[in-house]
Structure formats: structure tokens, C-alpha cells
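The letter at position 926 of the sequence shown is residue 1152 when you use our numbering, and the numbering goes up by one with no holes. Just so it is clear, CB atoms sit at the ideal spot from N, CA and C, and this is done for glycine as well. None of these values were measured; they are calculated from a predicted model. Some notes on the structure that comes next.
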Amino acid sequence: MKKAGKLVALLTATSLMVASFAGTGLLSATAAEETSGFAQSFANPSTDQRMKVRTWWPSADISEEEIKEEVKQIADAGFGCIELIGITESFAARGEHGIDAEKDGWGSANWNKAVEILMREAEKYNIYVDLTIGPRWPAGIPNLDPNSDAAFRKLTYNAITETATMEEKTYQLPEAPTLSGDVITSQEFVGLVAAKVNRSSSKVNVQSGWGGTTYSVVNDSNIDESTLTVVDNKNIHLQDGTFTFTAPSEGEWVFYAYWAVGTGQTSGDTVPTAYVVNHFNKSGTQAIIDYWENNLLTDEMKEHYATYGGDLFEDSLELTAVDLPWCNEMAEYFQDNKGYNLIQYLPLLMGKLGTGSGITQVAETDIGEGDNRIPAGTTYTINNTATIDNAADQEAICNDFNENLSDMYIENHVKVIQEWCNSHNIKYRAQAQGTSDNNWVDSIEAASYLDVVEGETLGMNKSPDAFRSLAGAANMSGTEIVSVELGADFGALYQITWQHLIELVNRTASSGANQYVLHGFATRSQANSHTAWPGWMPFDEPRFSESWNSSQPSWDYMKQDFVDYVSRLQATLQYGKADVDFAVYRDDLGIRTDEGHTQGVLYLDENATPTDNPVANLGYSYNYISPGNFALDNAVVKDGELNPEYAGYQAIVINNEIKMNLENAQKILDYAKAGLSIVLIGTTPTQDDSFGVNDDTAVAAIFAELKTLDNVTSIADESSLPTALKSLGVEPSASFENSQKISVQHRYTQDADLYYLYNNSSSNDYGSNDLYHNDANTINTTVTLEGAGMPYAMNLWTGDITPIMEYTNNGDGTISMDISIMDNEAMVIGITDDPSYFGQKAQETATSKQGDGTIISTDHGVVYRTTNVGDYSVALGENSYTGKVEEIAGTQLLQTGWNLTVTSWEPGEKALLVKDDPNYDARDINKRELDSIALDELKPWNEIEGLQDISGQGFYTNTFIVDGNFDGAYLDLGESYDNILEVTLNGQVLPAIDQFNHILDLGSYLVPGENTLTIRTGTTLAAAVRKAGGNVGSTDTSKVYSTTYGLLGDISITPYVDVVLQDDTNSSETPSTPPNSSEETQTPSSPTPSEQTPTTGDAFPIALAVGAVLVAGTTVLVIKRKKF
């Protein structure tokens, strides 16, 4: 929630903040369109730069008229792309009122026809259509045999322990795990491994979770690593379940038998059932391609993509029901890739990963005691694990296996799909990361082979380093787009506000994200007896947010108040090329969705809890890159920069790496010798990280040599990193006078530099904190930016571009200026030496200023704007102006006198029927206008009689009188959780308002005497859905998902006076007499040709009198305004 505004302090702090406010007198979006291609693209981003929206259909049972209407709604809301997914959750499958998946489900002929209609309609509105790779995620297809190697498979096992002799003896094979269900009907024998047992132990495990309590007995065998032996297949007799074995030495031996079996994991609701494909072999990937070519990609779709393009999207790798992925070529690929026999070391791999055998038994009596007890009659799992005394070897084997999985995923899945997509003019966009239960993929390396990298705010929103990792992949590959699935939040259905979404956007953008896909738009075309009011939404039961469509009170205002902001931000952060100061080496499998660490730690150490980021708070930007990126074409060093064509990293930071592959170590040494700076933090590698190689000495020698180079420095910990970087000549493109909680992104072309600055003060504890932001965390500081020319404020809310008049050219290719940036706010500054590029004309710079006002360039000229009386002195170019503002109308607090009219969003008559009634329709919304309420004070709706449990729109009206001297005023809307939909003054709609920091410039809409102010707010649907018994939590998910609706107070009007220093509306040096100034005249001194006389007013009907005295070449003004 926004605390009481401190507007005066903000205005006096900086001209930049004022320049970024919406209002009249600034360069408008319309003017920008007429003068500059860049200004036009910023004010009105192209389709390519516009926000996407994920769109859910439960089936193709949707009429052509309904498709056309919803495409129009999405286009009118400002989105540039529809990402379509068929998802049936919360919709009864094949029931009386359910989905006929065979007729209308994903992959059906009707589905294809509906998609074709969608594409044709999207073409009319010049928006893209993206499709998902499968009916759900992970990728799966109908008609796939779940027992085949093209389907997702896992490795299972069982073990027996025998006393073996040095003579050949016949043993019984371990029993194969029992197949469950009707789908998985076969399993394939993989191999048998023997090992001598050193010692053994057994323990009971009891685990409780969401799925209930599970029981297992773990039998651990500590084995002699040197005795691991693959039993020859010729000695294995599968038909009678026996094998022969001659032990090298007598004693207790354990025999592990392995089988490959399908997981049976499904994807979506289709007929036939869609099973998840194997993501690690080519047969699984080819099955996807064949299905698309034969069943989905019609001629019309091919023509559409050939002409318009679009994405094929693959969601996150949520591969479940598996302990260890497997495919038939796994062992052979591993042998070629890692150089040793994978089968031989499977016992160590399974033991390290804690893999279950799949063997179950029923306890005849109690097993164990106390809390670790399996009651008699309970089914439990038997796990036979293996350990060795050399834990490092076991760790290395697991690392090799996971790296091999990652290599297979990239080579057999990512690259193959990407190539196929491109053959149809389609881009392959994917989330190449999974959840915390597996680390199978080097997400940075994998993402660098995608056309579009994507992450998500669900789980990852508190980890800037996760997005810095994805940005590293995009920058190293040269694709540069980092997409974000925005706004899915567990348990927050019908509770999400624009404020929350903008905070997520601003935060992720500060770490390199630059494209957003809103989650999401649920079709209103379908409903059944299982649907609760206000209509179908695919995540009703887990209550994932959010259902953005016409059921939302704020929907009609999405474009101007939310989507345009995000689209302009995308246009800004997709501009030109990224300039990233340095890279951090990250050899880590899996970008987890639960990484945490709000500030970033320069490497994801799960045991570290950082305070302030040691480098980002000084203006530095950085990406994480994988050693897998070293093989990319862009991974070259030129003129001391890595990847000079894109990010241009000036250094690599290697943070406390103990082990490193010899090839990677050699590459880093090569980079250093080519001129790239290297910073070594803490421990440096002395070991190779692979099993069975003896490169430890070579790795240590490389780092010893690195430390002798002049462009390599070693430090003890991260706190010394800024000093180390500066010692190597690595300076940030943006810097502050001292450490600030401001994150920076820099984009540039030969024409301009664009800087994105984000105040991350409160984002550390967002979600648990009861504030969206806190005015106390406003940062006032001086920023220095690389760039030649003049700076401009670029308003993401309105599309305005305005010169920043107060700055210092440092003469070294940088400029400095004071900024004021509010908590969780984002600010964009552009720099160019060609004003016309930003749709501007050349301006003289303010070389000095005395007084607490600000200098602003308006459509009418340059003004000195102040909210306080007092003296001022301004120098513009060679001209100087001094004077005194003697009177300004006072600030008003609009605490009383409000009238509130609420339009209640509530179930309509059909939605109130019993669900078994054939006329029941959950989509029926009654928008009922309630009686107007006179408010003595502003307070939450739940404290106003008759508004408890009400959701909808609030229409607030107040009148106030301005009596005094003013040229305009700032409106601060104070506190509110609601979406601010529209503000009008005297019947004129004001520009879009910052949804975080509710301040508007009323400009010339403010008139002397009585003024009428209206404010329209939009609530979430939580209160109304809760009352109707729908799918929303019984209480607010957290304080930031608040049903505290309405305007909550501290609304103020702060008038200002504009002293016109340079009047562009009049070519004469002596300003013309303003309208209605019959009683007062201007009597300026006779200035020299280089001097101009300032005036007050900006084409406002306000009388004034000016007396000017020339003192020592400076125009001195005394300004006095007439009271009304």
C-alpha cells in the first residue's frame, strides 16, 4: 500500500521526477509520432514489442463468432500475441456437460479448424498466434506407445545379496519390480552389476507430505568400488530368471539388476491419451515432429506461419514419476561422451540419488520403532542403495550422468525442434528448466540454443540471479529476448492487482527480462455444471492466478493502464544491444524455480543469505554464463570483451569453484591471454570435476598461471569485487555517488543509449511485507551515465519523451544528474546527441539553478516550475534568469466531501440457479449500480455499510476550489490497493497513472474556482467470488493480495507555478501579454541579444505582473500573481 505522499520533497529533489509525470505541457505521444520513428515506436510499440497473453481453451467447442469476439477483446486490450493452450482442468472430462476430447480436444480436426479461424482473425488485427508444443506440459502427444523408447522412461532395479565363491555358481536373478496399472505392460532388461560388500545397514524412513505418509526400508550396502563388475549378458538367462557368476574373491556380494520401463506420465486430456515423450533421445523428439506434420500443422497453418511467423512454446520440464531418466541409447551415448561404462557404475549412481527400487511389501509385523515405525499391515517400499568410501568418486559419477543427460536433451531435443521450427518460420520458445527435484539440465547452455528463452515469476520471482542466468543464455546466443510467464501465483486466484504484476515486471526486467506473457486469458465461451461463478478457469482447484478477461472489473482499461506500460518497457529493453558489465561463471545443472536470494549472490550458494548485492548497488550489471556457452560462435574475446557483438562482457568472475573440467579451465586461460579480465574469488579449482580422469594437476597449473597475468586478480570474498573490477578498468556504464538499491539495465545503438533503473528497496521481502512499496524508501541520488548528448525522461505510463534540463556533461563521455526514484518504481532515461531522434528539438542546457523548483521543457518552452514561494536563479545556455515567486495557491487535502458510486460485479440470475438446472450458466455477471454514498472520510469498502463482500468498480467524485496563483497542480491519490482505471478533471480524461505511485499532473485541466474530480477504481473479484462460494481462498493469500478495496485517504492537490524562461510560442524577445491580464503589465529591462525575459504562465488564463531589473547581465524578475 502506498503511504502518504511526500510530493513536495520529491518535486524539489529533482527535475527528472517531474519530467516523468503524466500531464499536459509535455511532448505528447501524438507529437512524437509526427517527429520521430523512435518516439512513435516508444509511444505505440509495434506488434513485435507488445505483451503476449496466454489464452486457455478447454476444447474447440467454440463458435467462430466467439473466437472472433475474443480475438477482438484481446487486441483491444493491447496485446500483440495470443499464446493458445488447450487445457481441461476444472472442466469435467467426457461427462454429460464435459468435453468430448475425441471430437473437440487438442489435436482433433475440430481443434485445427478452430485454430485456423483464430489465425485468420488474428491476421486482421495484426497480432501473432503462438501455439504450445503439446496438449499440456511436459511435451506429449496422442497415439504414443507409453512402453516405447519414444515415451518417457525411467530406470528401475532390485538387488539381492549372496555369499559368492571363486567358483562359477548359478544364482536367482533379483525379482523385477511389479508393473502397476493397465498402461505400462512391459519392461526391458538393461543389465546386471555385481559388487563385493564391505558392510551393510538398514533403516526405516517415514515421510509425510501433501500426498500422505510414505514408508520405506533402506538397505544400504557399502561396496568395494574396485569390484564393480558388469555381468556378461551371455551368463544371464532371462527366460528362467537365473545367472552365473564367478566371484574374484569369496565373501558377501550384492547383485543389482536394472530394467527400463515407461513412466506412463500423461500430458493433457486427449483421445487417444497423450503420453510424455522421451526428452533425451531423438525418437521422442521425432515423434513430436511427426505428429505435428501429420496431424496438426495444416496447409493453412503452414501458410500463416510462413507469412506472419510466431512461436512454438514448450513449458517447463516438469518430468515426474521418475527417479532416473533412461533411453536405449543412454549407455552408448555416455560411453562416447564420458569415456567409461555407465552400466558398471549404476549402483553408485542410484545410491547417490536415493532412487527407489519400486519393490513393495506389506509389513507382517511392526518394523522399526517410535516415529520411524512401519505399522503392521502397511505397504512399504524396499530401497537397496550403494555407497563407497570414496564419496568424491560417487559425486563425480552423478555429475557426469547429469551432464550427459543435459547433453542429450540439448542435442536430441532442443536443437532438433529448433531446426524443425525454423523450417516453418516458427521460433522455438521454451522454459528449459525444471523444479527443485531434479538437476538434469544445464539450463543456461540449453537455453542458448533456443530462439526465445523463457522463465516464470512463479517461484523464480524472488531470484534475480535466475533471470540473470537466462539473460546470459540469450546474450551469449545473440537472441537477446528473455521472456517471462507473468503472474501465475499459487492460491491467489481472483486476488491479483496491476500493482502486483507491475512489481514483478519491474523486478524481473532489472535482471534482464524483456518480454512478458500474461497468465492468462480464460475463454468465456464454455461452461458447464462444474464451473463456478464467474466462469471457467483452468486452475480453479489449485487456484493459480489469474483469469484476465471480461469478467474482471478492470478489463476494459487493460490497454492504457497496464498493457501499454509493459509493452513500452519491452520496447525499451529490446532496443539495440545489451551492454552488460561482466559475466559470472556458473557451472550448475538446473535453474531451480525456488532459488530465492532476492539480491543475488554472484553464484547460487544455497547456504548463503546475502544482504546487499555488492556490485548491483553500485550500478554494475552482470549475467551468469555456463561453460557450455564457450562453444558458441559469439564466445570470442575482442578488444578485451567477451561476446563483443552482444553483451560485451568486460570480465569473467569465478567465485569459489573447487572443481573444473580441464577443457573449461583452458578456455578461461585462453580468454585471459586474449585480453579478458578475470576475477578469482576465494577458492580456485585444483581438481577436475569428471570421474576417471587425472587432470587435477593440469587444472591447478592453469589457475596458477592465471594468477600471474596482469589482467587477473584474486580476492577473498564478494565484498571486494567492486574494488577488484575497478582495478582492472571494469567500470559500470551507470554509477551512483554511493551504494544504492537501484538495479540498472543499459541498451544502446549508434543513435542513443537507454537506461532502465529500478528501485529494489522493498522487493526483498515482497509477499510477506504488507506494503506494495514504501515512500520512505524513495531514493534521491546522483547518477552518472555513459553516453553523448542530452538526457531525456521516457515515461513508460504515457509514452511521453521529455528533455531533462538539469544535468552535467562531465566531458569524458558521461553525464550526471540528480534523480528521485520511488520504491519499486522503474525509470527510463535516454541519451542522444540528435534531439530529433527522440522527436525533440535542440535545447539549451540548464547550467545552474538556485531555488527548490525544477526546470522543465514543455510544448510551449522552458519553464521553472515550483510548488513553493521563494527566490530562484537559473542559467540556460548563455542566458541567466533570476526572480522571485511570491505567491502560490496552497496544498489541499481532499479527505472529505467524497461521493462514491459502486458498480457491483455479482452472479447474474443464471449463475444463481442450482448447478443441475439446465439453464445454469456460471458466466452470467450482473453489474449492478448501487446507491451513491456520501463519505465523511475515505475508508475501505468493508468498513462502509452495504459494501462488505462487494467487488467491482468504484466511482469517486469530489469538487474542490482553487483560489490563488497557479499554473497547474499535482494530484496525489494517496493510498489504495485497487487498480486505478481512470481519472478525470472537469470532464477531461487524464493520462494513464502510475499504478504504484499515484501522482498525476493536472496541468491546464485545472481551472480557477470550482473543479470536479472523478476517480474510477477496479477491485479484484476475490470478495464477490468468496461470497458466491467460488474458487477463491477463504482468506486473503497475503497482505499484498488484499480485499481492502477503495481509496483509503491522503489524497492531495499541490498547485505549482510555471515561470516561462524561454517562450517557443512567440519569436519576440519580450513575451506577449497573457490572456486576462488587464490589471498587470510586464516591464522588462532591455536585454542584450543573448538575454530573454521569462514570464509566468503556460498559456493559462492567469493574470500576472512582472517587474524586471537587469543586474550584472542577469535578468532579475519579481513575480506577483493576482488572487481570484
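Go ahead and label residue i buried or exposed: buried means 16 or more other beta carbons lie within 10 angstroms of its beta carbon, across all protein chains shown.
i       : result
Leu935  : exposed
His463  : exposed
Thr382  : buried
Ser1278 : buried
Arg1154 : exposed
Leu1207 : buried
Val1215 : exposed
Glu1135 : exposed
Phe469  : buried
Thr835  : Interpretation of Thr835 is limited by its pLDDT of 46, a score under 50 that renders its predicted location unreliable; the figure taken from the coordinates is listed afterwards. The residue is exposed, with fewer than 16 neighbouring Cβ atoms inside 10 Å.
Identify whether residue i lies in helix, strand or coil by the three-state DSSP scheme.
i       : result
Asp838  : coil
Tyr846  : coil
Met886  : coil
Ser987  : coil
Cys553  : coil
Ile1328 : Note that Ile1328 scores a pLDDT of 28, beneath 50, so its modelled location is shaky; the value from the coordinates is reported in the next line. Coil at Ile1328, not helix or strand.
Lys422  : strand
Phe305  : coil
Ser961  : strand
Gln398  : strand
Asn445  : strand
Asn520  : helix
Ala622  : helix
Pro1320 : With a pLDDT of 42 at Pro1320, under the threshold of 50, the modelled position of this residue cannot be trusted; read the value that follows with caution. Coil.
Leu381  : strand
Thr971  : Going by the sequence as given, residue 971 is Gln instead of Thr. Three-state result, Gln971: strand.
Gly1015 : coil
Ile293  : helix
Tyr897  : helix
His745  : strand
Lys1067 : coil
His1224 : coil
Arg1360 : Residue coverage of the chain in this structure runs from 227 to 1350, which leaves residue 1360 outside it and unanswerable.
Ile386  : strand
His463  : strand
Ala1195 : strand
Asp562  : helix
Residue j and residue i - do their beta-carbons sit closer together than 7 Å?
i       : j       : result
Arg1091 : Tyr872  : no
Gly1352 : Glu1070 : Look at the range of the chain in this structure, 227 to 1350, and you will see that residue 1352 is not part of it.
Ala420  : Trp479  : yes
Met1053 : Leu947  : no
Ile569  : Pro403  : no
Leu1226 : Asn1184 : no
Pro498  : Pro372  : no
Gln752  : Pro284  : yes
Glu1163 : Gln1121 : yes
Ala1068 : Glu1032 : no
Thr1270 : Tyr1203 : yes
With a cut-off of 7 Å, does the C-beta of residue i fall near any C-beta of chain D?
i      : result
Lys528 : Given the protein chain composition of this structure (a single chain), no chain D is represented.
Legend entry - Stretch-stretch touch, CB-based, cutoff 8 Å, three pairs: the region 408 to 428 with the region 443 to 461: Judged by Cβ distances under 8 Å, the region 408 to 428 makes contact with the region 443 to 461, as three or more pairs qualify.
Legend entry - Contact between the region 476 to 491 and the region 646 to 661 (3+ Cβ pairs under 8 Å): The answer is no - the region 646 to 661 does not touch the region 476 to 491, with fewer than three Cβ pairs under 8 Å.
Inset, instruction - Indicate whether the contact test is met: 3 or more Cβ pairs, each with one atom in the region 873 to 883 and one in the region 908 to 926, closer than 8 Å. - result: Touching, yes, given that three or more Cβ pairs across the two stretches are closer than 8 Å.
Inset, instruction - Run through the region 309 to 367 for me and flag every whole alpha helix (DSSP H) of 4 or more residues, listed as ranges in chain order. - result: 327 to 330 and 335 to 350, all fully within the region 309 to 367.
Inset, instruction - Determine contact between the region 850 to 869 and the region 693 to 710, defined as no fewer than three beta-carbon pairs at a distance below 8 Å. - result: Yes, the region 850 to 869 touches the region 693 to 710.
Inset, instruction - Kindly confirm or deny that the region 891 to 905 and the region 541 to 549 touch, where touching means at least three C-beta pairs closer than 8 Å. - result: By the Cβ criterion, the region 891 to 905 is not in contact with the region 541 to 549, since fewer than three pairs of Cβ atoms, one from each stretch, lie closer than 8 Å.
Inset, instruction - Decide yes or no for the touch test of the region 1126 to 1134 against the region 1164 to 1180: beta carbon pairs closer than 8 Å, at least 3 of them. - result: Put simply, the region 1126 to 1134 touches the region 1164 to 1180. At least three CB pairs are less than 8 Å apart.
Inset, instruction - Report yes or no: do the region 963 to 973 and the region 1020 to 1038 share at least 3 C-beta pairs separated by less than 8 Å? - result: In the pairwise beta carbon analysis, the region 963 to 973 is classified as not touching the region 1020 to 1038: fewer than three pairs are separated by under 8 Å.
Inset, instruction - Report yes or no: do three or more beta-carbon pairs, one from the region 779 to 788 and one from the region 665 to 682, lie closer than 8 Å? - result: Taking 8 Å as the limit for Cβ pairs, the verdict is that the region 665 to 682 does not touch the region 779 to 788.
Legend entry - Segment contact, 8 Å Cβ cut-off, at least three pairs: the region 702 to 712 with the region 759 to 777: They do not touch, by the three-pair rule.
Legend entry - Inter-stretch contact (C-beta, 8 Å, three-pair minimum) for the region 1034 to 1048 and the region 1247 to 1263: The region 1034 to 1048 vs the region 1247 to 1263: no contact.
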